[in-house]
Amino acid sequence: MSNPPSSSDPLEHDPNEGRYLKEDYERKRIFVRAPKAMGDVMSQLLARRGYARMITATSEQEAWELVAGEKMATVTKLGSCRRGVLEIVVASSMVLQELTFLKADLLSRLQQALPDAKIRDLKFKVGKIVHG
1154 MSNPPSSSDP LEHDPNEGRY LKEDYERKRI FVRAPKAMGD VMSQLLARRG YARMITATSE
1214 QEAWELVAGE KMATVTKLGS CRRGVLEIVV ASSMVLQELT FLKADLLSRL QQALPDAKIR
1274 DLKFKVGKIV HG
């Protein structure tokens, strides 16, 4: 018969210790998700922080300046785009009237310049223009 391990000797090795450690490991196992691709992480971060929206707004403003021309771009500013209706703030009622006459042409050129924006209409309103 084998002698049981002496409890007085701390260096004595328990033959079942490996089995106990394995059982503890199995019981306390933490399931870790597979790593995500860096591109996915970055796009989520940009979306969460609003950087993508800022980039989109900048590209929309640049497209508007290209479509409207330098003269009109100085007296107008893009507002928000809701449900396909792009709001454009204008400096005066005279500018609003002139843009109303050009609305169909401006809309078609904006749709070509920004196909992902899905702009279906333009709405002009008089307001304060602050560029910068």
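Residue numbering for the sequence shown follows the numbering used here, starting at 1154 and increasing by one per position. From the three backbone atoms N, C-alpha and C, an ideal C-beta is built for every residue, glycine too.
With DSSP as the reference, identify every bridge partner of residue i, one or two as the case may be.
i	result
residue 1254	Per DSSP, none; premise fails for residue 1254.
residue 1274	1238
Could you check where the alpha helix (DSSP H) with residue i kicks off and where it finishes?
i	result
residue 1239	Premise fails: residue 1239 lies in the beta strand (DSSP E), 1238 to 1243, not in any alpha helix (DSSP H).
residue 1232	Residue 1232 -> not in any alpha helix (DSSP H); beta strand (DSSP E) instead, spanning 1229 to 1235.
residue 1174	1170 to 1180
residue 1190	Taken as a continuous stretch (DSSP letters only), residue 1190 belongs to no alpha helix (DSSP H), as it is neither H nor E.
residue 1281	No alpha helix (DSSP H) holds residue 1281; DSSP gives it neither H nor E.
Suppose contacts are defined by Cβ-Cβ distances below 7 Å. Is residue i in contact with residue j by that definition?
i	j	result
residue 1228	residue 1248	yes
residue 1281	residue 1240	no
residue 1220	residue 1257	no
residue 1246	residue 1279	yes
residue 1193	residue 1238	no
residue 1198	residue 1217	no
For the putative contact between residue i and residue j, defined by C-beta atoms under 8 Å, what is the C-beta separation to the nearest angstrom?
i	j	result
residue 1252	residue 1259	7 Å
Inset, instruction - Give a yes or no on contact between the stretch 1211 to 1230 and the stretch 1263 to 1279, applying the rule of three or more CB pairs nearer than 8 Å. - result: Contact between the stretch 1211 to 1230 and the stretch 1263 to 1279 is present, because at least three Cβ pairs lie under 8 Å.
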